[in-house]
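Trainee: Take this structure first; my questions come after.
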Amino acid sequence: QQKVQQSPESLIVPEGGMASLNCTFSDRNSQYFWWYRQHSGEGPKALMSIFSNGDKKEGRFTAHLNKASLHVSLHIKDSQPSDSALYFCAVRGNSAGNKLTFGIGTRVLVRP
Amino acid sequence: DPKIIQKPKYLVAVTGSEKILICEQYLGHNAMYWYRQSAKKPLEFMFSYSYQKLMDNQTASSRFQPQSSKKNHLDLQITALKPDDSATYFCASSQAGTANTEVFFGKGTRLTVV
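Residue numbers (the numbering used here), protein chains in the order written: chain H, 1 to 112; chain G, 1001 to 1114.
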């Protein structure tokens, strides 16, 4: 059974600063990794995906994947107050149903 | 325009009663899912359907029954409600049969059982 752990639980970042979120997963056969963001009162929305080892950059967001160390991270550069949200790491399985397994989330607060 | 519509947004139910949570998606997807979000717990996978057939069920209790009357509908019937069932329930959808595509979520139904 896939287990996804996230750290830290919460993070306060000054506006314009860098936020770094970490995630470890347990299944070495995992291939598809996603970061989701959830604002209060809304459903989770995909921020970005990463499937290959290394870095993937999309605007101010950079994901990093290291399958050998079972680790994926998300870095938010030049953080904005609108980035304040709950961020989830999620791993999508290959078995029937292709379910997403989520971590518990990191709550990010960007202080103006 | 929301592409995944969940109704109602809020629901209060009495212990022991039965409720149906409604979900419709207009993304043209053939896979639909239910997830549950409770305080201090990760988003928890409940069911997945592909082309209106059950693919995976991670819910231990038979009190939770998905119902797919049309290919873009996946409702969730919950019977004999308990206070522990209080949570926000999210419906989601994606393309079927592939794990490298995005799963889209609705805004959720917040259920409170008193």
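We put the beta carbon where it would ideally sit given N, CA and C, even for glycine.
#1: Please state whether DSSP places residue 84 (chain H) in a helix, a strand or coil.
#2: Could you tell me which residues DSSP puts in a beta bridge with residue 102 (chain H)?
#3: Going by other Cβ atoms of all chains shown within 10 Å of its Cβ, with 16 needed for buried, is residue 1039 (chain G) buried or exposed?
#4: Counting Cβ pairs closer than 8 Å, one from the stretch 1075–1089 of chain G and one from the stretch 4–18 of chain H, do we hit at least three?
#5: How about residue 91 (chain H) and residue 100 (chain H): are their beta carbons less than 9 Å apart?
#6: Whose C-alpha, out of H:75, H:70, H:112, H:3, is nearest the C-alpha of residue 60 (chain H)?
#7: Where do the ends of the beta strand (DSSP E) carrying residue 68 (chain H) lie?
#8: Hey, residue 1029 (chain G) and residue 1072 (chain G): beta-carbon distance below 9 Å or not?
#9: Let me see if you follow: with CB-CB separation under 9 Å, is residue 29 (chain H) close to chain G or not?
#10: Using DSSP bridges, identify the partner residues of residue 1088 (chain G).
#11: Would you call the stretch 37–45 of chain H and the stretch 1016–1031 of chain G in contact, with 3 or more CB pairs under 8 Å?
#12: From which residue to which residue does the beta strand (DSSP E) around residue 1024 (chain G) run?
#13: Indicate the three-state DSSP secondary structure (helix, strand or coil) for residue 8 (chain H) in the structure shown.
#14: Taking beta-carbon pairs under 9 Å, can you tell me which members of the stretch 1037–1068 of chain G lie near chain B?
#15: Anything in chain H within Cβ reach of residue 1099 (chain G), meaning under 8 Å, just list it in chain order.
#16: Cutting at 6 Å between CB atoms, please list the residues of its own chain near residue 107 (chain H), excluding the five before and the five after it.
Mentor: Result, derived from the coordinates:
#1: coil
#2: H:90
#3: exposed
#4: no
#5: yes
#6: H:75
#7: From DSSP, residue 68 (chain H) is part of no beta strand (DSSP E); its letter is neither H nor E.
#8: yes
#9: no
#10: G:1037, G:1110
#11: no
#12: 1019–1025
#13: coil
#14: Absent from the structure: chain B. Protein chains present are H and G.
#15: 31, 32, 92, 93, 94, 98
#16: 10, 86
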